[in-house]
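J.: Quick one: structure below, then a few questions.
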Amino acid sequence: MVYCRGIKFFGCCLCLAAALGAGGRAGADEQYVLEFSGDGDYVQLEHNDSIDLTEELTFAAWVYLRSWTGDWHQFAGKGDDSWMLRRQPTAVYTDRCSNGVDLVLRGPEVDIQERLRPFWRLPFSEWVHLAFTLDAAGGEAKLYVNGEAILEDNGIEGTLNSNAFPLVAGAHKEDPGSAQRFHDGYMSDVRLYNRALSKDEIGGVLRRTSEAVDGLVLHWPLDEGRGQTAHDVSGSGNHGEIIGGAWQAVEEPFWVDRSPVPDLAGLSRQEAEARIGEKGFTVGDVTEVDRGARVVGQRPSPGERVPADASIHLTIAAESARDIKPAPPERAVPIILDMDMESDVDDVGALVSLHALADRGEAEILGVVVSAKNPYATLCADRINTYFGRPDLPLGQLKGDGVDRDSRYAQQVAEEFPGRLESADDAPDAVALYREILAAQPDESVVLVTIGYKTNVRDLLASGPCEHSDLDGRELAEQKFRIWICMGGRFPEGREANLLWDAQASAEAIEAWPTEIIFSGWGIGASINTANLMYRLPEDNPARRAYQLFNNLQPHSSWDQAALLYAVRALDDGPAADYWVLSEPGQIQVDPESGHNTWQDSPGGPNRYKIENRDPDLIADEIDVLMMHTPSE
219 MVYCRGIKFF GCCLCLAAAL GAGGRAGADE QYVLEFSGDG DYVQLEHNDS IDLTEELTFA
279 AWVYLRSWTG DWHQFAGKGD DSWMLRRQPT AVYTDRCSNG VDLVLRGPEV DIQERLRPFW
339 RLPFSEWVHL AFTLDAAGGE AKLYVNGEAI LEDNGIEGTL NSNAFPLVAG AHKEDPGSAQ
399 RFHDGYMSDV RLYNRALSKD EIGGVLRRTS EAVDGLVLHW PLDEGRGQTA HDVSGSGNHG
459 EIIGGAWQAV EEPFWVDRSP VPDLAGLSRQ EAEARIGEKG FTVGDVTEVD RGARVVGQRP
519 SPGERVPADA SIHLTIAAES ARDIKPAPPE RAVPIILDMD MESDVDDVGA LVSLHALADR
579 GEAEILGVVV SAKNPYATLC ADRINTYFGR PDLPLGQLKG DGVDRDSRYA QQVAEEFPGR
639 LESADDAPDA VALYREILAA QPDESVVLVT IGYKTNVRDL LASGPCEHSD LDGRELAEQK
699 FRIWICMGGR FPEGREANLL WDAQASAEAI EAWPTEIIFS GWGIGASINT ANLMYRLPED
759 NPARRAYQLF NNLQPHSSWD QAALLYAVRA LDDGPAADYW VLSEPGQIQV DPESGHNTWQ
819 DSPGGPNRYK IENRDPDLIA DEIDVLMMHT PSE
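What the sequence shown shows, in our numbering, is residues 219 to 851, in sequence order.
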């Protein structure tokens with residue numbers, strides 16, 4: 219599936235001829251955008267009073283991000299001490315997200331940059347409409363992406379600084395001198411207003427369904443196709459000088475012009491497809507949407523024509539009230555989830571995702587077992603199960619010796635939220651629960667997903683016959699389990715926490731396991747940063763609380779969610795089958811003392827590991843949707 223990164227409101231598209239203003243600059247049948255190489259290209263307008271806006275303004279532009287140099291760059295701004303709209307790189311300002319949009323507003327009373335970094339990542343190779351508004355008298359600033367406000371700050375104090383710097387698009391100038399921090403990509407339809415536009419007005423500007431003209435002091439369509447002048451068509455005479463740059467011809471239509479498809483909530487997949495078909499689309503993928511979600515065409519690169527049958531995708535609102543359910547598979551994937559739920563918070567993200575997949579008919583949760591000795595880990599899982607309407611879900615606790623580590627969130631979630639269990643002692647023994655669940659399942663049907671320590675698995679394999687089955691543990695596992703998806707290991711070698719902690723159990727469990735094991739290694743989940751939208755969840759959501767306690771709702775790697783997603787959506791050529799490819803068969807070896815793992819290729823070997831095959835950001839978007847799931851009504 220294809221999603222747009224971050225807050226999912228990418229539904230507003232337009233035809234190029236309308237979007238880029240008056241055509242015919244270089245030829246009646248040609249349309250152009252301005253290309254910025256990332257090295258020395260920009261557009262500037264020398265200072266004049268009409269652009270020295272300190273109390274109220276709106277800036278808007280269409281931007282296309284091609285790459286970056288590893289440092290921040292600027293889309294537009296006026297000096298270093300007034301306003302700047304920028305892109306921040308990976309590992310900068312990790313309190314928000316890498317490759318994020320960053321709005322800086324500075325005045326004599328307060329520097330409000332720190333409050334204006336939203337949880338939203340700029341996509342590559344896509345046109346995005348960025349806009350921000352400032353109303354100093356009302357104490358309000360807003361940042362918009364494709365017409366939707368992704369950040370609103372109602373605590374703005376004072377006005378912006380007045381300065382004599384030029385207005386620059388595509389680069390940064392700390393003073394009227396040399397430029398730096400150049401944009402690499404394309405830009406068009408740059409506008410500046412001396413008032414704060416409303417949401418409807420911004421939507422009209424980007425869709426070209428209406429034209430906001432009051433207060434327009436600068437409008438560079440950037441569609442000239444020749445010359446070094448950015449002509450201002452606002453009537454204000456604010457023509458800009460193009461430094462470097464190149465004109466890129468594009469073929470019409472450039473964006474697919476489609477309006478929102480209304481009233482999709484509550485429809486089946488088939489009904490939704492029929493409704494969308496009425497709008498003239500060929501449906502590629504349909505997934506969860508809320509009321510008013512928009513349909514968008516695949517966005518081509520500049521110069522690429524949109525195919526007539528371009529597949530479309532429904533974007534996902536961050537605060538979905540009700541979902542369209544995709545058609546479930548013939549049988550939901552039966553899952554036993556074995557987790558630690560103590561050291562890292564991605565266990566929480568995985569458990570929430572599993573509930574979401576179960577509500578969508580894609581997974582059947584047979585049971586959850588906890589492989590950690592921390593007594594609050596099981597209680598935390600119980601609170602999440604209860605919140606998602608499954609208080610009686612089979613939940614087991616490691617009773618023997620095992621790993622006991624502190625948790626930043628488990629105790630607080632256990633104490634702040636309601637659940638069925640009063641103590642971890644109330645939960646059944648994990649191995650006994652394993653055996654009871656397995657005995658009742660069809661042969662070779664159950665998918666085991668482990669996202670914690672391997673203690674329970676080792677103990678299951680070593681168990682003897684019981685009231686539920688006359689088979690010993692290894693025989694029972696061989697009969698009932700179809701496959702084991704294991705989050706653990708580094709490949710081709712290294713040390714990773716899930717195998718390192720209780721390394722003896724890891725070595726013994728993997729060695730004795732009777733079916734195929736697919737490893738989702740550390741490198742797979744490390745680059746999939748999710749939880750970008752959890753700050754929008756209600757405060758009575760225990761998953762939100764866990765992420766808040768763990769890292770103050772910052773984006774976080776998704777090792778456990780990546781393993782779960784593979785188990786549910788990649789097996790049997792599922793919709794995520796091409797997200798990863800698998801290694802050649804082989805055998806993983808875990809040192810029982812150090813936890814260090816090594817890999818040995820071996821034809822016919824029982825193990826394989828996942829290899830990245832898709833953009834991690836696209837996978838993160840899919841996981842974010844699951845993590846934003848709310849309990850079924």
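Ideal Cβ placement from N, Cα and C applies to all residues, glycine included.
Can you tell which of Q807, L771, I829 has its C-alpha closest to the C-alpha of D796?
T.: Checked all of Q807, L771, I829; the closest Cα to D796 is I829.
J.: Suppose you measure from the CA of E273 to the CA of N379; what does that come to, to the nearest Å?
T.: In a straight line, the C-alpha of E273 is about 9 Å away from that of N379.
J.: Counting only runs of 4+ residues fully inside the region 626-679, write out the alpha helix (DSSP H) ranges in chain order.
T.: Those alpha helix (DSSP H) runs which fall completely within the region 626-679 and span 4+ residues are 628-634, 648-657, 673-679.
J.: Put V451 into one of helix, strand or coil per three-state DSSP.
T.: Residue state, collapsed to three classes: coil.
J.: If Q262 sits next to I461, beta carbons under 8 Å apart, how far is it from one beta carbon to the other, in whole angstroms?
T.: That belief holds up - the Cβ atoms of Q262 and I461 are roughly 7 Å apart, short of 8 Å.
J.: Quick one: which unbroken beta strand (DSSP E) runs of 3-plus residues sit fully inside the region 803-845? Chain order, please.
T.: Listed in chain order, the complete beta strand (DSSP E) runs (minimum 3 residues) inside the region 803-845 are 804-808, 815-819, 825-830.
J.: In this structure, what does DSSP give as the bridge partners for Y404?
T.: For Y404, which the question treats as bridged, DSSP gives the partners E253, Y282.
J.: I728 to F768, Cα distance in whole Å?
T.: Those two C-alpha atoms are separated by around 30 Å.
J.: What would DSSP say about S738, mapped onto helix, strand or coil?
T.: Strand, per DSSP.
J.: Would the region 779-793 and the region 656-669 be scored as touching if the rule is three or more Cβ pairs under 8 Å?
T.: Judged by Cβ distances under 8 Å, the region 779-793 makes contact with the region 656-669, as three or more pairs qualify.
J.: Ignoring anything shorter than 4 residues, give me the alpha helix (DSSP H) runs that lie fully in the region 679-729, in order along the chain.
T.: DSSP runs (the alpha helix (DSSP H)) wholly in the region 679-729: 691-698, 715-718.
J.: Where does V431 sit, in a helix, a strand or coil, going by DSSP?
T.: Residue state, collapsed to three classes: coil.
J.: Output yes or no for whether 8 Å exceeds the beta carbon distance between H916 and R676.
T.: Given a span of 219 to 851 for the chain in the structure shown, any question on residue 916 remains unanswerable.
J.: Does the distance from the CB of G388 to the CB of D298 come in under 8 Å?
T.: Going by C-beta atoms, G388 is not nearer than 8 Å to D298.
J.: Taking the alpha helix (DSSP H) that D577 falls in, what are its first and last residues?
T.: 564-577 is the extent of the alpha helix (DSSP H) around D577.
J.: Would you decide whether E375 is buried or exposed? Buried here means 16 or more other CB atoms lie within 10 Å of its CB.
T.: Exposed is the call here.
J.: Report the rounded CA-to-CA distance for D835 versus P773, giving the unit in angstroms.
T.: For D835 and P773, the distance between alpha carbons rounds to 12 Å.
J.: Could you compute how far the alpha carbon of T276 sits from the alpha carbon of L352?
T.: Rounded to the nearest angstrom, the two C-alpha atoms are 7 Å apart.
J.: Please report the residue range of the alpha helix (DSSP H) in which T351 lies.
T.: Per DSSP, T351 belongs to no alpha helix (DSSP H); it is in the beta strand (DSSP E), 345-353.
J.: For the alpha helix (DSSP H) that contains V786, what are its first and last residues?
T.: Note, V786: alpha helix (DSSP H), 777-787.
J.: Going along the chain, which residues of its own chain have a beta-carbon closer than 8 Å to the beta-carbon of G357, five neighbours each way excluded?
T.: Closer than 8 Å at the Cβ level, and outside the excluded window around G357, lie N372, G373, I374, E375.
J.: Closest to P821 by CA distance: which of N831, E811, G804 is it?
T.: Cα-wise, what sits closest to P821 is G804.
J.: Within this structure, are the beta carbons of A648 and L689 separated by less than 8 Å?
T.: No; because the gap between Cβ atoms is not below 8 Å, this pair is not in contact.
J.: Would you list the one or two residues that DSSP bridges to Y797?
T.: None; Y797 has no bridge partner.
J.: Identify the continuous alpha helix (DSSP H) that holds F768 and give its terminal residues.
T.: Per DSSP, F768 belongs to the alpha helix (DSSP H) from 760-769.
J.: In chain order, what residues of the same chain lie with their CB nearer than 8 Å to the CB of A744, ignoring the 5 residues before and after it?
T.: Taken in chain order, the residues that qualify are S775, W777.
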